[in-house]
């Protein structure tokens, strides 16, 4: 059973930074694409960023230039560095792992941006 465990969420003031981590308990981690999604209250879950097995990245327009996704295949961990945070970034952030026939989700971590 694949498990994804997120950490690093919390309360931060506007303009601040947080780094989210997602550790995966899966063999052959490096072959999978990894992503971060977020869901604000009353809204759908949307893609924030993803990274494929080759390290190519993709970002939502709303976070380009502020967020950076990266992965460490030895530690089987994906990261989301979030800078210049805004109140509209407040949401539950979910880590996801996916391949041609699999898709797993973490339990989510709350990020709140407020003064």
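Numbering (our numbering), first residue to last: 54 to 168. Ideal Cβ placement from N, Cα and C applies to all residues, glycine included. Note that this is a predicted model, so its numbers are computed, not measured.
Is residue 141 buried or exposed, if buried means 16 or more other CB atoms sit within 10 Å of its CB? Translated into the one-based positions of the chain shown, residue 141 becomes position 88. Looking at its Cβ environment, which holds fewer than 16 other Cβ atoms inside 10 Å, residue 141 is exposed.
Measuring CB to CB, does residue 71 end up less than 8 Å from residue 157? Along the chain shown, one-based indexing puts residue 71 at 18. Along the chain shown, one-based indexing puts residue 157 at 104. Contact flag unset, no.
Per the DSSP calculation, residue 77 is bridged to which residue(s)? Residue mapping note: residue 77 aligns to position 24 of the chain shown, counting from 1. Answer by DSSP bridge pairing, in chain order: 57.
Starting from the Cα of residue 81, find the closest Cα among 159, 127, 136 and give me that residue. Stepping through the chain shown from its first residue, residue 81 is reached at position 28. With distances taken between Cα atoms, residue 81 lies closest to 127.
Please report the distance separating the alpha-carbon of residue 60 from that of residue 107. In the chain shown, the residue the question calls residue 60 occupies position 7. In the chain shown, the residue the question calls residue 107 occupies position 54. Each residue's alpha carbon lies about 24 Å from the other.
Within the segment 93-153, ranges of the beta strand (DSSP E) (whole runs, at least 3 residues): 99-104, 110-112, 120-125, 130-135, 144-151
At the level of alpha carbons, what is the spacing between residue 94 and residue 111? Position 41 of the chain shown holds residue 94. Position 58 of the chain shown holds residue 111. C-alpha separation (whole angstroms): 24 Å.
Close-in-space but distant-in-sequence residues of the same chain around residue 113 (CB under 8 Å, 5 per side omitted): Taking the first residue of the chain shown as 1, we reach residue 113 at position 60. Counting only Cβ-Cβ distances below 8 Å, and skipping sequence neighbours, we find 99, 100, 101, 102.
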